[in-house]
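Those letters in the sequence shown? Residues 1 to 125, per the UniProt record's numbering, in order. Contents: one structure, followed by commentary.
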Amino acid sequence: MASLDEYFGVSGTALKLRAQRLDMIASNIANAGTPGYKARDLDFGAALKSASDDLTRSNPLHMTAARGGGAQAGYRIPHEASLDGNTVELATEQVAFSENSVRYEATLDILNGRISTMMSALRGE
Numbered sequence: 001m002a003s004l005d006e007y008f009g010v011s012g013t014a015l016k017l018r019a020q021r022l023d024m025i026a027s028n029i030a031n032a033g034t035p036g037y038k039a040r041d042l043d044f045g046a047a048l049k050s051a052s053d054d055l056t057r058s059n060p061l062h063m064t065a066a067r068g069g070g071a072q073a074g075y076r077i078p079h080e081a082s083l084d085g086n087t088v089e090l091a092t093e094q095v096a097f098s099e100n101s102v103r104y105e106a107t108l109d110i111l112n113g114r115i116s117t118m119m120s121a122l123r124g125e
């Protein structure tokens, strides 16, 4: 019998990373007027690859990219420099937040589908 980690694949890790990215982008938006604030973002692809590599090498409890508070996080480079040193570009952040929200919901739908399938199998349907 396959373990739950094998059944759900990287979807659980992807959901955690999407939530972490939503938090970062929301923080950027909240600090759009803070002088000197540097916008941060998560390189989702690199973080997911790192977490997937960790999963294949060891125990899933050892995945640091998803839990480590931003191992793949970096600063966003603005298109236009601000006089007060703030690198948040509100339009860019809003687009990134919306896109990531849609992807978060899609990942959640995938997980819900797998859980529903598992529940049906357990009930013998």
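Ideal Cβ positions, reconstructed from N, Cα and C, are used throughout, including at glycine. The structure presented is a predicted model; accordingly, all values stated were derived computationally and were not measured.
DSSP places Y104 in the uninterrupted alpha helix (DSSP H) bounded by 90 to 123. If you draw a straight line from the Cα of L42 to the Cα of E99, it comes to about 13 angstroms. Distances from the CA of A46 to each of I25, E125, D23, G74 were compared; the closest alpha carbon is that of G74. Using a 10 angstroms sphere on the CB of L17, the tally of other CB atoms reaches 16 or more, which defines it as buried. Contact annotation, P78 with E93: C-beta distance approximately 11 angstroms; criterion of less than 8 angstroms not satisfied. Under the DSSP definition of a beta bridge, Y75 partners with R40.
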